[in-house]
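Colleague:
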Amino acid sequence: MKKVLIILGLLMLIGCKETTETKSEGTQELTEENSVEQEEKKDVHRFADAYGKEVKEVMTVLLPAYYDEDLTDTYSAINENWLEFRKVDKTHFIVKKADYNLTDPVLNECTEVNQIGVFSPEEEEPLFFCAPNKLLVKGDVVSLPIKKKPLWPGEVYEYKYKGDTYALEAEGTVKNTYIYTDDTDPKGKEFREIENYKLYISVNGAQQQMVLDIPVFSDTFVELLFVGDLDGDGKLDFVFDTSADYEQKEIQIYLSKEAKHYLYLAGSGGYDFSC
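Residue numbering for the sequence shown follows my numbering, starting at 709 and increasing by one per position.
(1) Rounded to whole angstroms, what's the CA-CA distance from Asp848 to Lys957? Just pull it up for me.
(2) Assess contact between the stretch 938-957 and the stretch 809-818, defined as three or more Cβ pairs (one per stretch) separated by less than 8 Å. Is contact present?
(3) Between Ser982, Phe981, Leu944, which lies nearest to Leu971 when the distance is taken from Cα to Cα?
(4) Assuming Phe769 and Ser964 make a contact with CB atoms under 8 Å, what is their CB distance in whole Å?
(5) CB Thr799 to CB Leu852, shorter than 8 Å?
(6) Which of the three DSSP states is assigned to Tyr867 in this structure?
(7) My output table needs one value for Tyr970: the three-state DSSP class, helix, strand or coil.
(8) Of the residues Thr873, Pro923, Asp927, Asp872, which one's Cα is nearest the Cα of Asn884?
(9) Would you grab the beta carbon distance between Gly942 and Lys846 for me? Rounded to a whole angstrom, and I think it's under 8 Å.
(10) To the nearest angstrom, how far is the alpha carbon of Val821 from that of Pro829?
(11) Could you check the C-alpha separation between Thr782 and Val803 for me, to the nearest Å?
(12) To the nearest angstrom, how far is it from the Cα of Asp890 to the Cα of Thr811?
(13) Out of Gly896, Ser784, Asp776, Cys838, point me to the one whose CA is closest to Ser982's CA.
(14) Give me the residue from Phe801, Tyr874, Glu903, Asn787 with the minimum Cα distance to Pro689.
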């Protein structure tokens, strides 16, 4: 009889232990789920307090390209007083007097419209031409190597300059991802179709500021073209390719000098080459 009671007692203890462990595991799983939910909520609202985009277009910008002949105000504005911003090598940029030619009218066979070209006589074209501006000084421009040109959502791109850490981070909806090949990379590159794209910048982990806001892309995406001190104030400036359509070209220049927070849109230029 004693043996039976002892065995029953042991079975009851084991049952209680298993029940306790099951409750403990359930509590742990619930805690982990709550933690994940909290992280997701935190991630959704992490840009909610960001400073807004600042626009103060003080630069008149012209990209090297063909323009419809009737857009006289666009291509005829350039003159001998203009400047050009040019890439010399991977980390060497320069601002210098614009060297350019206007072509004779050329018929665009696609649109059947005459066009005038604005191009450099040099082998490589500058990133852009611009009217004289007190913010830009002729000479070499301090620049940093670009780590990655496409600025995909969910990734942080950091640049350090004069003791400060600049972080670029984007949000957006990824609609599709695929691999494609071209002449520059026969092994293949990843491309993501993004909607509701927003790019933010922060300095030394402080509050972020919105820089770009592009709702839709058509077979294109944002690329970083320049990181450096273009206006000479000891802080980083940025130049982006913000073309939202594969038959359009647009470049935006963001400067830090006299910005309310970190950057402001100082100038932009673009053209359309659709049929």
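Cβ coordinates follow ideal geometry from the N, Cα and C atoms, glycine included.
Modeller: Taking the structure as given:
(1) 26 Å
(2) no
(3) Leu944
(4) In the sequence under discussion, the amino acid at residue 769 is Val, which differs from the Phe named in the question. Val769 to Ser964, Cβ: 17 Å. No contact.
(5) yes
(6) strand
(7) coil
(8) Asp927
(9) Not confirmed; about 18 Å, so no contact.
(10) 24 Å
(11) 21 Å
(12) 30 Å
(13) Asp776
(14) No statement about residue 689 is possible, as the shown extent of the chain runs from 709 to 983 and does not include it.
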